[in-house]
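Worksheet for the structure shown next.
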Amino acid sequence: MKTYRYTKILGIFIGILTLLLALGFGYLLLVGMGLSQAFASGIDHATTQLFLIALIFLLLFGGISCFGPFWLQNKGWRQFYIFYSIALGICFLGVYFQTKGALGNLFEAGILGMGILYLLQGTLVITKK
């Protein structure tokens, strides 16, 4: 069996999920900005810029997750990808516990699932599966 076969499959799956999460976040950002202007409640421009930066980072994380497993033969990239997967998994789990009860069951389950999948991804890279 080829090395990193399951890692590549899971990486593509996680990358697509992260890109969909980023696109959903961007859509909700645009709807929220539009509603704030429609109801004349206003939104601070600094906050808008922070949301856009978060959107760009989510898109970047999705791209790295999707295309990263194809470069795992390089030892340096493999070490980075292990750290990247485990760090993102821990961050998603932290976000899940911080937002418990605030986002709704569906979004919270998605965040929890992403955290578990990223931790599984890091484990698969370590075991070279």
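Under our numbering, read the sequence shown as residues 62 to 190, first letter to last.
The beta-carbon is built from N, C-alpha and C at its ideal position, and this holds for glycine as well.
It should be emphasised that the depicted structure is a prediction, and the values quoted were computed from it without experimental measurement.
- Contact between Q182 and I75 holds, since their C-beta atoms are separated by about 6 angstroms, short of 8 angstroms.
- V92 sits exposed, since fewer than 16 C-beta atoms from the chains shown fall within 10 Å of its C-beta.
- Taking the Cβ atoms as the reference, F153 lies roughly 11 angstroms from L119, outside the contact range of under 8 angstroms.
- It is roughly 10 angstroms from the alpha-carbon of L185 to the alpha-carbon of Y179.
- C-alpha of I147 to C-alpha of A101: approximately 42 angstroms in a straight line.
- By the 16-neighbour rule on beta-carbons within 10 angstroms, G123 is buried.
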